[in-house]
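J.: If you're matching positions, the sequence shown starts at 0 in numbering that gives the first Met the number 0 and goes up one per residue.
Note that beta-carbon positions come from the ideal geometry of N, C-alpha and C, so glycine has one too.
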Amino acid sequence: MAPPLNPAQQDAVRTLEGPLLVLAGAGTGKTRVVTHRIAELIRRGVSPARILGVTFTNKAAGEMQSRAAELLGGRNAEKPEISTFHSLCVRILRRHARQLGYPAQFAIYDRGDQESLARAALRDIKVPGALLRPGDLLYMIGRWKTAAVQPEQAAAQAQTDKEHLAAMAYRRYQRALKAAGAVDFDDLLLCTEELFTRFEAVRAAEAARFSHLLIDEYQDTNGSQYRIVKALASGHRNLCVVGDDDQSIYGWRGAEVQHILRFQRDWPDAKVVRLEENYRSTGAILSFANRLIAFNRQRHEKVLRPYRAGGETPRIWQFPDETVEARAVVDEIRQLIARRAVEPRDVAVLFRTNEQPRAFETELRRAKVPYTLIGGMSFFDRKEVRDVLAYLKVLAQPRDEVSLLRIINTPARGIGQRAVEALLAQAVAAGRPVWDILPEAHKIANLPAGAVAAVGNFRALVDRYRKRLESAGLVATVKQLIADIAYQDEIVRLYKEPNDQQARWNAVGEVINALAGYEERSDRPTIAGFIADVALAGRDDASDRDAQLKHNAVALMTLHSAKGLEFPHVYLVGMEEGLLPHHRSVAAEGTAIDEERRLCYVGVTRAQDRLTLTLALARMKWGKKRPTQPSRFLFELVGKAERASAAIVAPGQRGKRVAQGASPPRSRTRTAEKPR
C-alpha cells in the first residue's frame with residue numbers, strides 16, 4: 000500500500016492556479032502527484048475536457064488516465080485529454096492541416112518510409128552513397144527539424160560540402176513528403192508550431208480548448224515542444240510542469256535542460272515545489288547519488304532523502320579486462336538466482352554504449368541465465384508488419400507513393416521491377432503521383448500486356464477495399480484483404496523454417512489484434528486513425544521496452560533505455576573514462592560532461608536495494624588490449640574527487656572481499672582478484 004501524500008506532494012496537488020514548477024527527484028512519486036492533481040482539479044469543479052496532460056510515452060499517458068479515473072472512483076464519464084506531445088499535435092493538425100497545404104487525413108511516415116524518400120532525394124541530386132548515405136541524411140534532417148530549421152534556412156546555414164548536399168536533398172525530401180500528403184515524426188511538432196505562428200486564430204482556438212495544462216518530464220522538451228506549451232498556456236497561465244533537471248539525458252535528440260532551469264524566468268510568478276523524499280532506493284544508494292550530482296553546477300538545488308534509511312553500501316569492483324568483468328558479474332547473478340535470492344527480472348545490467356553487452360550476452364548464455372537485451376528490433380520494423388501496414392496506408396491515402404511502391408508487387412502479382420520503373424518514370428515526367436498514372440498503364444511504351452493487366456487488377460483491388468471500408472468493420476475488411484492477397488502463402492514462400500513461418504504469421508496476427516483494440520476504443524474508427532496510432536507507437540521506445548521486460552529475465556540495457564525503471568539489483572558496468580563519460584563528451588567537456596554525469600546519476604538511482612559499479616583496467620580495441628582510466632564519476636561518487644584514494648579489490652565468490660564504497664585506484668598496479 001502506498002504511503003499517504005507527504006507535505007510537499009500535497010502542496011503540489013493543492014496548488015491549482017497559476018504557473019507551478021514541480022521538481023520531482025528520482026523515485027519521489029511524480030506520477031502520483033500528477034494524477035492526484037488531475038483528480039483534485041476535477042473535484043474542485045474543473046471540467047475534465049478542460050484539462051490537458053502531456054507526457055512523452057503512451058504508457059505514461061495511459062497510466063495517468065487510468066490512475067486519475069481510479070482516484071475519482073469512475074464517477075466521470077468525461078475524461079481529461081492526456082496524451083503524448085506527438086499525439087496532441089496529430090489531433091491539432093487533423094483539424095487545421097489544410098491551412099498548411101496538407102490533407103486532413105495526412106499520412107505519418109515511419110523510419111522505413113523516410114529512408115525510401117531520402118534515397119530517392121539523394122538519387123535525384125546524383126549523390127553517391129559513399130558520400131552521403133540515406134541514414135546520414137535523415138540524421139542531418141532530424142537535427143535541422145529539431146532546431147526548427149526549414150530547408151531554405153538549412154541551405155543558408157550549410158558550411159561544408161556535405162551540409163550543402165544534405166540541404167539540397169532536404170528540400171527534395173520535404174517536397175516529396177508534401178506531394179504524398181505525408182509528414183514525418185518531426186513535422187508533427189514543426190507543423191503545429193508553424194500553425195500557431197502563422198495563424199493566430201488557430202492558436203487562440205486551440206488554447207481556448209483548455210483551462211489547465213500539465214506537462215510531464217518537462218526537462219525533456221525540445222524547442223518546438225517548449226514553444227507549443229507557451230502558445231497553449233499564455234492566456235490562462237494555469238501551467239504545471241513536472242520534471243527533474245538532474246535527469247535531463249536526451250540532449251542528443253534535442254531536449255534542452257534550460258527549459259526547466261529557466262522556468263521561473265519565463266513565468267516570474269511561478270511557484271516551485273520540490274519533491275525530495277525518495278521511495279525507491281536505500282539511504283546508502285542515495286548518498287552516492289547526491290554526492291555525484293552535486294558536481295553539476297547548473298541545476299535546481301535539491302537533495303534526495305530516503306524513505307528507507309540504511310541499506311548496503313554500493314560496491315565498486317575492478318577487473319583486468321572486460322571478459323573477466325562480464326564473467327564475475329554473471330557468476331554472481333547466476334548464484335543469486337540459484338539460491339533463489341532473486342528472480343532474473345530483479346536484476347539489471349546497465350551500460351553506456353551498444354557495444355558493451357556482447358561479453359555479458361556470451362557469459363549469460365554460457366551460464367544458462369535468461370536475459371533480454373532491451374532495444375533490439377522494434378515490432379514495427381519487421382518486414383511482414385511493414386508490408387501489412389503499407390497496404391493499410393494505401394487504403395487510407397493511395398497517393399502515398401512509398402507505401403504504394405512497397406506493395407505494388409508484394410506478394411508477386413506480375414508487376415516486375417522494369418514495369419515499376421516505367422510507371423515511376425511516367426509519373427515523374429508527367430509530374431503526377433504514381434497512383435494517378437496506373438489507369439494509363441496501357442499507354443506506356445514497352446509495358447507488357449501481362450503487366451498492364453496486373454496493374455489494373457491491383458488498382459481494382461485497392462478501390463474495392465477502400466469502398467468496403469465505408470460500410471464494413473475495419474478488422475473484418477483487413478482480414479479479408481490479407482486472405483485475398485494470399486499473404487500467408489508469401490510467408491511460406493519466403494521462409495523455409497516452420498518456426499520462422501509461424502512467428503511471422505503471428506506478427507501479422509498482432510497487427511490485426513492492434514487494429515481490433517483500436518476499433519474497440521475509438522468512437523469513429525478509421526484506417527487513417529489506426530495508421531496514426533501505429534506510427535506514434537512505433538516511435539515510442541517505452542512500448543517495445545516494456546513488452547521485453549515482461550519476461551522473467553535479466554535486463555541488459557543502455558542507461559538511456561533505463562530511465563523511468565527500477566530494479567532491486569543494478570550492475571552499472573564499464574565505469575571508465577571514454578565509456579562513462581563517453582569519449583565524445585570528454586573531448587567536448589563543459590555541458591557535455593554535465594549530461595554524462597546526469598546519465599550516471601540516472602543509472603545509480605535505478606537501484607532499489609543493491610548497487611554494484613564495475614570497471615575494467617584494460618579493454619580490447621581493434622584486437623589489442625589497451626589500458627583504461629577509471630571514470631571521474633567513481634571518484635565523485637565516493638567523495639574523493641581529488642583522487643586521493645585507496646585501491647579497490649574485486650570480488651571473489653567465496654570469502655568475497657569487496658570494497659564497500661571505496662575509492663577508485665590511483666594507479667593500475669592493483670589488479671582484480673579472479674573470482675573463484
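1) Taking just the CA atoms, how far does V553 sit from A645?
2) Could you give the residue range of the beta strand (DSSP E) that holds V241?
3) Would you call A11 buried or exposed, if buried means 16 or more other Cβ atoms sit within 10 Å of its Cβ?
4) Let me know the alpha helix (DSSP H) ranges lying completely inside the region 138 to 169, each 4 residues or longer, listed in chain order.
5) Count the other CB atoms within 10 Å of the CB of R597; is the residue buried (16 or more) or exposed (fewer)?
6) Could you name each continuous alpha helix (DSSP H) segment of 4 residues or more that falls completely within the region 40 to 116, going from the start of the chain to the end?
7) Within a Cβ cutoff of 8 Å, which residues of the same chain sit near S584, ignoring the five residues on either side of it in sequence?
8) Output the distance between the C-alpha atoms of A489 and N408, rounded to the nearest integer angstrom.
9) Exposed or buried, what is D268 when buried is set at 16 or more other beta-carbons lying within 10 Å of its beta-carbon?
10) Go ahead and pull the three-state DSSP assignment for A288.
11) Can R738 and D244 be called in contact, C-beta distance under 8 Å?
12) On a Cα-Cα basis, can you pick out the residue from G28, D345, E496 that is closest to N5?
13) Taking only runs of the alpha helix (DSSP H) that begin and end inside the region 242 to 317, which ones reach a length of at least 4 residues, in chain order?
14) According to the neighbour-count rule (16 or more other Cβ atoms, all chains shown, within 10 Å of its Cβ), is G72 buried or exposed?
15) Per DSSP, E439 forms a beta bridge with which residues?
16) If the criterion is Cβ atoms closer than 8 Å, does the pair P343 and N498 meet it?
17) By the 10 Å Cβ neighbour count, where 16 or more other Cβ atoms means buried, how is A178 classified, buried or exposed?
18) In terms of residue numbering, what span does the alpha helix (DSSP H) encompassing F457 cover?
19) L363: which of V384, E331, A389 sits nearest, CA to CA?
20) When burial is assigned at 16 or more other CB atoms within 10 Å of the CB, is A68 buried or exposed?
21) How far does the beta strand (DSSP E) with R412 in it extend, from its first residue to its last?
22) Should Q416 be labelled buried (16 or more other beta-carbon atoms within 10 Å of its own) or exposed?
23) So Y486 is in the alpha helix (DSSP H); what residue range does that whole segment cover?
24) Nearest to T54 by alpha carbon, out of A418, G100, C239?
25) Comparing alpha-carbon positions, which option in L555, K58, G26, D160 lies nearest R273?
26) For T670, does the three-state DSSP call read helix, strand or coil?
27) My output table needs one value for S644: the three-state DSSP class, helix, strand or coil.
28) Quick check: what's the CA-CA separation for N445 versus I414?
29) Tell me, please, which residues DSSP counts as bridged to V21.
30) Where does I124 fall in DSSP's three states?
31) Work out the CA separation of V569 and E162 for me, nearest whole Å.
32) Below 8 Å between beta carbons: does that hold for L176 and C88?
33) For the beta strand (DSSP E) holding Q679, just list the boundary residues, first then last.
34) Nearest-angstrom Cα distance between A649 and L610?
35) Using the Cα positions of I227 and T191, report the straight-line distance between them to the nearest angstrom.
36) Taking D462 as the reference, which of P438, V474, V427, K549 has the closest Cα?
T.: On the basis of the supplied data:
1) Since pLDDT at A645 reaches only 38, below the 50 mark, its modelled position is unreliable, and no value is offered.
2) Counting along the chain, the beta strand (DSSP E) containing V241 begins and ends at 238 to 242.
3) buried
4) 150 to 156
5) buried
6) Considered as a whole, the region 40 to 116 harbours 57 to 70, 84 to 95 as its complete alpha helix (DSSP H) runs of no fewer than 4 residues, in chain order.
7) These residues qualify, in order along the chain: A591, I592, E594, E595.
8) What sits at residue 489 in the sequence shown is Glu, not Ala. Roughly 11 Å between the two C-alpha positions.
9) exposed
10) helix
11) The structure shown has nothing for residue 738, since the chain only spans 0 to 675.
12) The residue with the shortest Cα to Cα distance from N5 is G28.
13) Annotation note: the region 242 to 317 contains the following uninterrupted alpha helix (DSSP H) runs of length 4 or greater, listed N- to C-terminal: 257 to 260, 262 to 265, 282 to 292.
14) Under this definition G72 is an exposed residue.
15) Partner(s): none; E439 has no beta bridge.
16) The Cβ atoms of P343 and N498 lie no closer than 8 Å to each other.
17) exposed
18) 448 to 467
19) E331
20) buried
21) First-last for R412: undefined, no H or E at that position.
22) exposed
23) 486 to 493
24) C239
25) G26
26) For T670, the predicted model reports a pLDDT of 34, less than 50, meaning its position is unreliable; a value from the coordinates is still stated below. Three-state DSSP puts T670 in coil, outside helix and strand.
27) Unreliable placement is indicated for S644, whose pLDDT of 39 sits below 50; the coordinate value is still reported in the next sentence. In this structure, S644 counts as coil in the three-state DSSP scheme.
28) Approximately 13 Å, taken between the alpha carbons.
29) V241, V272
30) coil
31) 42 Å
32) no
33) Past the edges of the chain, shown from 0 to 675, lies residue 679, and the structure says nothing about it.
34) Confidence is the limiting factor: at A649 the pLDDT is only 41, short of 50, which leaves the residue's position unreliable and the question unanswerable from this model.
35) 8 Å
36) P438
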